[in-house]
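J.: Here it is, the structure, as structure tokens.
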Amino acid sequence: MIASLTLRAQRMRCAEGPVLVAVIGPPGAGKSTVVSHLTKPGGVPVFRLREMIRSHPQLLADFAPSPDPLGWVGLQAVWRVLHAAFVDGLFDVGRGPVVLDNFPGTAGQLELLAEIADAVGAQVALLELRASATTLVLRVAQRRVCLACSPDSHAPAVASETDSKRCASCGATLSRRFSDVPRLHGLRLARYSANLPEITELAAERGIPHQRVDADLAMPDVLAAAKRAFSLLSACASTDSTDPFGADRDRRRLADADAAP
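If you count the sequence shown from 1, position 111 lands on 118 in the working numbering, and the numbers rise without skipping.
Next comes the structure, spelled out in structure tokens:
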């Protein structure tokens with residue numbers, strides 16, 4: 008009876024609502040590139056906290072400007088934005104997976120996200136990119152953005168084959184991300200490194216599925232690994248986060264249970 012109830016609960020959790028796959032990692036690991044790769048083929052929606060705040064300034068109109076050197080807002084502000092997006096419906100979630108780009112950044116933000124997900128019948132999963140300091144330095148030094156053809160100043164640009172300083176799409180001169188200047192990059196990396204242990208600990212405590220991808224690999228291999236991890240996480244968020252083959256295992260268990268007399 009207990010086994011039957013467990014399988015039924017797993018089936019319900021898989022069918023209740025969308026899976027919110029949070030892509031996290033240190034600055035320079037390749038999060039923007041991974042998110043773009045995961046979401047373009049099937050039109051998977053992407054949630055970015057900074058975009059929600061920019062698109063709906065009324066949400067935080069009564070909050071004082073953030074004094075944080077990186078522009079981060081407090082937990083009350085984050086709660087209001089998440090509630091407006093996922094509970095009030097300002098963000099079109101749909102029934103499929105949703106990618107959260109570079110969010111949550113702290114354990115407190117993850118806690119709020121998990122509470123919002125519980126309220127709307129969604130599920131949270133973590134896709135973490137891990138990279139060495141050498142990889143981060145190289146990627147930050149090389150990446151550029153195109154402020155002419157992309158509204159997102161964080162979106163990585165593709166350089167022209169004939170001129171590495173110009174955008175392949177529009178021909179405009181490429182720019183370095185403002186947040187990639189050494190001082191800001193150092194602050195971002197230090198904050199991420201300090202917050203990661205609490206994020207992973209909370210994910211383990213709450214049973215949030217968690218897949219890690221080695222971002223030191225060549226980017227095509229990183230993208231392939233991220234796609235596999237994303238498929239596992241979005242297939243069923245009740246998967247054991249320590250078992251990379253858990254989704255297939257759970258699907259087999261559910262199929263066997265349905266076939267049993």
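Quick reminder that beta carbons are idealized off the backbone N, C-alpha and C, glycines included.
Would you call ALA126 buried or exposed, if buried means 16 or more other Cβ atoms sit within 10 Å of its Cβ?
T.: Sequence index remark: in the sequence shown, residue 126 carries index 119 (1-based). The residue is exposed, with fewer than 16 neighbouring Cβ atoms inside 10 Å.
J.: For HIS44, which of helix, strand or coil comes out of DSSP?
T.: The residue labelled residue 44 in the question sits at position 37 within the sequence shown. Three-state DSSP puts HIS44 in a helix.
J.: Look at the alpha carbon of LEU194 and the alpha carbon of LEU77, and state the distance between them as a whole number of angstroms.
T.: Sequence index remark: in the sequence shown, residue 194 carries index 187 (1-based). Sequence index remark: in the sequence shown, residue 77 carries index 70 (1-based). Computed Cα separation, rounded: 8 Å.
J.: Who are GLN130's beta bridge partners in DSSP?
T.: Position 123 of the sequence shown holds residue 130. VAL26.
J.: Among LEU89, HIS63, ARG146, MET226, which one has its Cα closest to the Cα of HIS192?
T.: If you number the sequence shown from 1, residue 192 lands on position 185. Of LEU89, HIS63, ARG146, MET226, the residue nearest in Cα terms is ARG146.
J.: Please report the distance separating the alpha-carbon of LEU181 from that of ARG173.
T.: Stepping through the sequence shown from its first residue, residue 181 is reached at position 174. Stepping through the sequence shown from its first residue, residue 173 is reached at position 166. Rounded to whole angstroms, LEU181 to ARG173 spans 5 Å at the Cα level.
J.: Rounded to whole angstroms, what's the CA-CA distance from ALA148 to ILE31? Just pull it up for me.
T.: Working through the sequence shown from its first residue, we reach residue 148 at position 141. Working through the sequence shown from its first residue, we reach residue 31 at position 24. Their Cα atoms are separated by approximately 20 Å.
J.: Which ranges would you report for the beta strand (DSSP E) in the segment 193 to 240 if only whole runs of at least 3 residues count?
T.: 217 to 221
J.: For ALA140 versus VAL26, is the C-beta spacing smaller than 8 Å?
T.: Numbered from 1 along the sequence shown, position 133 holds the residue referred to as residue 140. Numbered from 1 along the sequence shown, position 19 holds the residue referred to as residue 26. Not a contact, by the Cβ cut-off of 8 Å.
J.: How long is the line joining the alpha carbons of GLY24 and LEU136, rounded to whole angstroms?
T.: Numbered from 1 along the sequence shown, position 17 holds the residue referred to as residue 24. Numbered from 1 along the sequence shown, position 129 holds the residue referred to as residue 136. When rounded, the distance between both Cα atoms is 25 Å.
J.: For VAL220 versus ALA211, is the C-beta spacing smaller than 8 Å?
T.: Against the sequence shown, residue 220 aligns to sequence position 213. Against the sequence shown, residue 211 aligns to sequence position 204. Cβ atoms of VAL220 and ALA211: not closer than 8 Å.
J.: Can the beta-carbon of LEU143 be found closer than 8 Å to that of PRO227?
T.: To locate residue 143, count along the sequence shown from 1; it is residue 136. To locate residue 227, count along the sequence shown from 1; it is residue 220. Not a contact, by the Cβ cut-off of 8 Å.
J.: Just to confirm, is the Cβ distance from PHE98 to ILE123 under 8 Å?
T.: Here residue 98 refers to the residue found at position 91 of the sequence shown. Here residue 123 refers to the residue found at position 116 of the sequence shown. No, the Cβ-Cβ distance between PHE98 and ILE123 is not below 8 Å.
J.: How far does the beta strand (DSSP E) with LEU107 in it extend, from its first residue to its last?
T.: Locating residue 107 in the sequence shown gives position 100, counting from the first residue. LEU107 -> beta strand (DSSP E) spans 105 to 108.
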